[in-house]
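Below is one structure, written out as structure tokens, with a few remarks after it.
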Amino acid sequence: SQQGEEDPQALSIQEGENATMNCSYKTSINNLQWYRQNSGRGLVHLILIRSNEREKHSGRLRVTLDTSKKSSSLLITASRAADTASYFCATGFSGNTPLVFGKGTRLSVIA
Amino acid sequence: DTAVSQTPKYLVTQMGNDKSIKCEQNLGHDTMYWYKQDSKKFLKIMFSYNNKELIINETVPNRFSPKSPDKAHLNLHINSLELGDSAVYFCASSQEWSGGAPGELFFGEGSRLTVL
């Protein structure tokens, strides 16, 4: 399966703490993307990292990619209650192949 | 302006009925998708269209038929609905990257289908 696997499945932290979510995949990728889904809403794109990149930042988000280990991590620093959501990694492959999503990590940030 | 809009947001129907979900994007993207999200939040690709042409048709029963009248619209018609079709269906669009990989996906808000 080309599907990514997020770890952990669920994460509960206090406001102000950092949250780290991991994603592992099995085959070579063109890019890897992270999305957020609030309850009852559609997915929202957070960051795209290409296979030749190792790290990207966007505000309080930091994404790393290790292609040798076929893994990526998403770090949310100084978490807020509003960060409570499900987070999905999605792997992008060349050749008209749509993104393949993992099963997601449910993050709960407690105020 | 909503980038990707899909209707209806909620759909409750009886087994055996036929229903449609509509999707429109105003982003000028070439590629549109239908994803199905089950009760465990697992998101699975169903169809992918590029410039009105079907590119991907994953293992989906032929009761599901996508239709793309133009590249801004991708509708999903479902015949003879079954209990297992209950899920949230998401439409999305993207612009293809160089190298043929999809760039950022823009999702609609989802259509929750409940089959009784």
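Protein chains in written order, with the numbering used here: chain S, 816 to 926; chain P, 8 to 123.
Glycine included, C-beta positions come from ideal geometry on N, C-alpha and C.
Item                                                                                                                                          : Value
Give the residues from the region 843-856 of chain S that approach chain P closer than 9 Å (Cβ to any Cβ), ordered along the chain.           : 844, 845, 846, 848, 850, 852, 855 and 856
Have a look at residue 833 (chain S) and residue 21 (chain P) and give me their C-alpha separation to the nearest angstrom.                   : 46 Å
Would DSSP call residue 907 (chain S) helix, strand or coil?                                                                                  : strand
What are the boundary residues of the beta strand (DSSP E) that includes residue 759 (chain S)?                                               : The first residue shown for chain S is 816 and the last is 926, placing residue 759 (chain S) beyond what the model contains.
Would you mind telling me which residues of chain P sit closer than 7 Å to residue 827 (chain S), beta carbon to beta carbon, in chain order? : By Cβ distance, chain P contributes nothing, its closest Cβ being about 17 Å from residue 827 (chain S), past 7 Å.
Can you tell me where the beta strand (DSSP E) with residue 913 (chain S) in it begins and where it stops?                                    : 912-916
Do residue 100 (chain P) and residue 39 (chain P) have their CB atoms nearer than 8 Å?                                                        : yes
Identify which residue in P:110, P:97, P:102 and P:107 has its Cα closest to the Cα of residue 119 (chain P).                                 : P:97
Can you give me the C-alpha to C-alpha distance between residue 57 (chain P) and residue 37 (chain P), rounded to a whole angstrom?           : 5 Å
Under a CB-based cut-off of 8 Å, is residue 913 (chain S) close to chain P?                                                                   : yes
Could you give the first and the last residue of the continuous beta strand (DSSP E) run that contains residue 76 (chain P)?                  : 71-77
What separation, rounded to the nearest whole angstrom, lies between the Cα atoms of residue 831 (chain S) and residue 82 (chain P)?          : 43 Å
Can you tell which of P:93, P:116, P:123 and P:92 has the C-alpha that lies nearest to the C-alpha of residue 31 (chain P)?                   : P:116
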